[in-house]
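Asker: Got a structure here, written out as structure tokens. Questions coming.
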Amino acid sequence: MAWEPYTEVGSLASVEGEDCSVAGWVETTRVHGKVAFVVVRDGTGVVQCVVAKNAVDEACWDFVTDLTYESTIEVRGEVKEDARSPGGFEISAHDLRLISRSEDYPIQPKEHGIEFLMDHRHLWLRSGAQRAVLGVRAEVMQAAQDFFYREGFTRIDTPILTGSIGESAGTLFSTEYFGETAYLAQTGQLYLEAACPAFRKVFCLGPTFRAEKSKTRRHLTEFWMLEPEVAFADSEENMRLQERVVSYLIERALDRCSDELELLERDVTLLSGVKPPFPRLSYTQAVELLAEKGSDIEWGQDLRGSDETLLAEDFDLPVMVHDYPREAKAFYMKENPDDPRTVLCNDMIAPEGYGEIIGGSQREDDLERLRARIREQGLPEESYAWYLDLRRYGSFVHSGFGLGIERTVAWITGRTHVRELIPFPRLMKRLTP
Ligand code: 4AD
Ligand code: MG
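In terms of my numbering, the sequence shown opens at residue 79 and continues consecutively.
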């Protein structure tokens, strides 16, 4: 007799007092004399099934007392409210059946090294903390889309294979493309700029690629970026949009992921206070402050990870550092008319040591200056013909930014390394699983 349809564990409240069947994976089992406790996870929740020896037949009891971690089973029984049980319900089981037995599950309830866990990422995803962080990530992704949809932005899906270098030549992945070289996109930005005259306010949310030879806790070679681009917005307006987006993402995570954050033991005191306006510092002020705090940074250098951490110590909110030296930043940023050594841009640096979560700028809208910057950086001018057209046919003030999803979710969840914030991380030395 079929036991389906199964009730989802997350919906047990709707069948309280009734018989139902659930299917899932065995998280733990414990036998206590004539009662066994089997904790089952089905992906929507976790439920404890209580099996009394005298309530099931002998074969079933033998089966229950021989269950292994991560075996797939189905359970039939009565749903009862139980405050001590995870999720608030338990199932008083009449019968259990095997769907598929799991032998020697590699991840055991003990400490494993990070490389072992990463090698078993395909299984590690099932563990409570990993489910929680990826749940927060999914919520943040949805919140980002909801925010921009509500604000009247149009989603533009930008290409992953591209012929124009988006950021800089140093960190490109390339691939042979029918006799030409294609690059994996470092950003969707240039294409969003092209969509501005069509839709005014646009955004993309997708994977981006950087062949970064850095093995830091903030770098992935494949990471996801949320990028808006707005026509007739200057650098100031760009920063105001950043504050609002970041505050909204946090508000949503706090509102809808409180169970996950609690499981992760995230102290949300500082997060709860994240509301605009965020403090702003010019790059020059930041360098002065850093020098006072003992950094050896010199004017002209981009802030290093260690500088960002040092700077963030003084703030409970994300801090926006604006107007960096032009040599430290990408070719497309607009020259600052008040100080041409700098460009109209900003980074947002998260508190608590999570580093740069946003890079944004007003774009160079002057054809000749942009062409000069492309040449200055040794980029192949031919491949930017289409991009230069945007300054030829109706140029306009515009700005945008990129928010790194993994770094932002690392901050929200309080995890220290970005490798846990993406389902299957790609790092310099990791392409599998
Ligand atoms: O500052 P970045 O390089 O900016 C851009 O790509 C712009 N084109 C965005 C735009 O204006 N539309 O990258 C933006 C953000 C960083 O602040 C950081 O959060 C994240 O992307 N990021 C990375 N995250 C993980 N691993 C990496 N290797 C990252 N590189 C950048
Ligand atoms: Mg940056």
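C-beta atoms are modelled at their ideal positions from N, C-alpha and C, and glycine is treated no differently. Everything numeric in this text was worked out from a predicted model, so none of it was measured.
Run the CB neighbour count on histidine 110, radius 10 Å, all protein chains shown included, and call it buried at 16 or more, exposed below.
Answerer: Within the sequence shown, residue 110 is the residue found at index 32, counting from 1. Histidine 110 should be labelled exposed.
Asker: When you compare only the Cα positions, how much space is there between valine 50 and lysine 353?
Answerer: An answer regarding residue 50 cannot be provided, because it is not within the stretch 79 to 511 covered by the chain.
Asker: Inspect the beta-carbon positions of glutamate 338 and glycine 213 and report whether they are closer than 8 Å.
Answerer: The residue labelled residue 338 in the question sits at position 260 within the sequence shown. The residue labelled residue 213 in the question sits at position 135 within the sequence shown. In contact: glutamate 338 and glycine 213 (Cβ atoms closer than 8 Å).
Asker: Cβ-heavy atom distance between glutamate 217 and ligand 1 below 7 Å?
Answerer: Counted from its first residue, the sequence shown places residue 217 at position 139. No, Cβ of glutamate 217 sits at least 7 Å from all heavy atoms of ligand 1.
Asker: Taking the alpha carbon of glutamate 58 as the point to measure from, which residue in Asp345, Asp443 and Ala161 has its own alpha carbon closest?
Answerer: There is no way to answer for residue 58, as the model of the chain reaches only from 79 to 511.
Asker: What number of angstroms, rounded off, separates the C-alpha of tyrosine 255 from the C-alpha of glycine 482?
Answerer: Residue mapping note: residue 255 aligns to position 177 of the sequence shown, counting from 1. Residue mapping note: residue 482 aligns to position 404 of the sequence shown, counting from 1. About 28 Å.
Asker: Output needed for glutamate 229: all residues of its chain with C-beta closer than 8 Å, excluding positions within five of it in sequence on either side, in chain order.
Answerer: Counting from 1 along the sequence shown, the entry for residue 229 is found at position 151. Contacts found: Lys279.
Asker: With a cut-off of 8 Å, do at least 3 Cβ pairs link the segment 308-324 to the segment 429-441?
Answerer: Judged by Cβ distances under 8 Å, the segment 308-324 makes contact with the segment 429-441, as three or more pairs qualify.
Asker: Would you tell me roughly how many angstroms separate the C-alpha atoms of leucine 90 and glutamate 156, rounded to the nearest one?
Answerer: For this step, residue 90 is matched to residue 12 along the sequence shown. For this step, residue 156 is matched to residue 78 along the sequence shown. Spanning the two alpha carbons is a distance of roughly 10 Å.
Asker: May I have a chain-ordered list of the beta strand (DSSP E) segments no shorter than 3 residues that lie completely inside the segment 192-246?
Answerer: Within the segment 192-246, no complete beta strand (DSSP E) run reaches 3 residues.
Asker: Quick one: complete beta strand (DSSP E) runs, 3+ long, within the segment 287-329?
Answerer: Listed in chain order, the complete beta strand (DSSP E) runs (minimum 3 residues) inside the segment 287-329 are 300-309.
Asker: Since leucine 505 and threonine 294 are thought to touch, with beta carbons under 8 Å apart, how far apart are those beta carbons, to the nearest angstrom?
Answerer: Looking up residue 505 in the sequence shown gives position 427. Looking up residue 294 in the sequence shown gives position 216. The pair is not a contact, with the Cβ atoms about 10 Å apart (cut-off 8 Å).
Asker: Classify tyrosine 227: buried if its beta carbon has 16 or more other beta carbons within 10 angstroms, exposed otherwise.
Answerer: On the sequence shown, residue 227 is found 149 positions in, with the first residue counted as 1. By the neighbour-count rule (16 or more Cβ atoms within 10 Å), tyrosine 227 is not buried but exposed.
Asker: Per DSSP, which residues does isoleucine 169 bridge with? Please list them.
Answerer: On the sequence shown, residue 169 is found 91 positions in, with the first residue counted as 1. DSSP lists Cys127 and Val157 as partners of isoleucine 169.
Asker: Please enumerate, following chain order, all residues with a beta carbon closer than 7 Å to at least one heavy atom belonging to ligand 2.
Answerer: In chain order, the hits are Asp425, Glu434 and Gly437.
Asker: Is the segment 136-152 touching the segment 92-101, taking contact as three or more C-beta pairs under 8 Å?
Answerer: With the cut-off at 8 Å, the segment 136-152 and the segment 92-101 touch.
Asker: Count the other C-beta atoms from every protein chain shown that fall within 10 angstroms of the C-beta of tyrosine 471, then say buried if there are 16 or more, exposed otherwise.
Answerer: Residue 471 sits at position 393 when you count from the first residue of the sequence shown. Per the 10 Å Cβ criterion, exposed.
Asker: DSSP on tyrosine 381, reduced to helix/strand/coil?
Answerer: Your numbering for residue 381 matches position 303 in the sequence shown. It is worth fixing the name first, because residue 381 is leucine in this sequence and not tyrosine. Coil at leucine 381, not helix or strand.
Asker: According to DSSP, simplified to helix, strand and coil, what is valine 346?
Answerer: Locating residue 346 in the sequence shown gives position 268, where the first residue counts as 1. DSSP places valine 346 in coil when its eight states are reduced to three.
Asker: Counting along the chain, where does the alpha helix (DSSP H) carrying arginine 358 start and finish?
Answerer: By 1-based counting over the sequence shown, the position of residue 358 is 280. Segment 358-360 is the beta strand (DSSP E) holding arginine 358; no alpha helix (DSSP H) there.
Asker: Between which two residues does the beta strand (DSSP E) containing leucine 481 stretch?
Answerer: Your numbering for residue 481 matches position 403 in the sequence shown. Leucine 481 -> beta strand (DSSP E) spans 476-482.
Asker: Do proline 237 and glycine 478 count as a contact pair if the criterion is CB distance below 8 Å?
Answerer: One-based indexing of the sequence shown puts residue 478 at position 400. One-based indexing of the sequence shown puts residue 237 at position 159. Taking 8 Å as the Cβ cut-off, glycine 478 and proline 237 do not qualify as a contacting pair.
Asker: Please report how far the alpha carbon of isoleucine 234 lies from the alpha carbon of phenylalanine 167, in whole angstroms.
Answerer: For the purposes of this step, residue 234 is taken as the residue at position 156 of the sequence shown. For the purposes of this step, residue 167 is taken as the residue at position 89 of the sequence shown. The straight-line gap from Cα to Cα measures roughly 44 Å.
Asker: Apart from the five residues on each side of it in sequence, which residues of its chain come closer than 8 Å, Cβ to Cβ, to glutamate 405?
Answerer: Taking the first residue of the sequence shown as position 1, residue 405 is located at position 327. So the qualifying residues of the chain are Gly378.
Asker: Is the CB-CB distance between valine 124 and glutamate 105 below 8 Å?
Answerer: As a working note, residue 124 is residue 46 in the sequence shown. As a working note, residue 105 is residue 27 in the sequence shown. Yes; because the gap between Cβ atoms is below 8 Å, this pair is in contact.
Asker: For ligand 1, is there a heavy atom less than 7 Å away from the beta-carbon of serine 252?
Answerer: As a first step, residue 252 is located in the sequence shown; it is residue number 174 there, counting from the start. For ligand 1, not one heavy atom lies less than 7 Å from the Cβ of serine 252.
Asker: In the DSSP output, which residue or residues are listed as bridge partners for tryptophan 81?
Answerer: Within the sequence shown, residue 81 is the residue found at index 3, counting from 1. The partner list for tryptophan 81 (beta bridge, DSSP) is empty, contrary to what the question assumes.
Asker: In angstroms, rounded to a whole number, what distance separates the CA positions of proline 396 and leucine 367?
Answerer: Walking along the sequence shown from the start, residue 396 turns up at place 318. Walking along the sequence shown from the start, residue 367 turns up at place 289. Approximately 16 Å, taken between the alpha carbons.
Asker: By alpha-carbon positions, which one of Leu466, His495 and Pro501 ends up nearest to serine 242?
Answerer: On the sequence shown, residue 242 is found 164 positions in, with the first residue counted as 1. Serine 242 has its Cα closest to that of Leu466, out of Leu466, His495 and Pro501.
Asker: Taking the alpha-carbon positions, what's the arginine 449 to alanine 273 distance?
Answerer: Position 371 of the sequence shown, counted from the first residue, corresponds to residue 449. Position 195 of the sequence shown, counted from the first residue, corresponds to residue 273. C-alpha separation (whole angstroms): 20 Å.
Asker: Can you give me the Cβ contacts of arginine 175 inside the same chain, cut-off strictly under 6 Å, excluding the 5 residues immediately before and after it?
Answerer: Sequence index remark: in the sequence shown, residue 175 carries index 97 (1-based). Around arginine 175: Glu152.
Asker: For histidine 400 and methionine 426, I'd like the C-alpha separation in whole angstroms.
Answerer: Taking the first residue of the sequence shown as 1, we reach residue 400 at position 322. Taking the first residue of the sequence shown as 1, we reach residue 426 at position 348. Near 9 Å, if we compare the C-alpha coordinates of methionine 426 and histidine 400.
Asker: Any idea if alanine 369 is buried or exposed, counting beta-carbon neighbours within 10 angstroms, 16 or more meaning buried?
Answerer: In the sequence shown, the residue the question calls residue 369 occupies position 291. The residue in question, alanine 369, is exposed, as its Cβ has fewer than 16 Cβ neighbours within 10 Å.
Asker: Considering only the alpha carbon of each residue, which of Pro355, Asp392, Gly351 and Ser360 lies closest to lysine 371?
Answerer: The sequence position of residue 371 within the sequence shown is 293, counting from 1. Residue Asp392 is the option with its Cα nearest to lysine 371.
Asker: Alpha carbon to alpha carbon, how far is methionine 219 from proline 275? Give it in angstroms, no decimals.
Answerer: Here residue 275 corresponds to residue number 197 of the sequence shown, with the count starting at 1. Here residue 219 corresponds to residue number 141 of the sequence shown, with the count starting at 1. Whole-angstrom Cα-Cα distance: 26 Å.
Asker: If we call anything under 8 Å between Cβ atoms a contact, is tyrosine 402 one with arginine 441?
Answerer: Start at 1 with the first residue of the sequence shown, and residue 402 comes out as number 324. Start at 1 with the first residue of the sequence shown, and residue 441 comes out as number 363. Not closer than 8 Å, so no.
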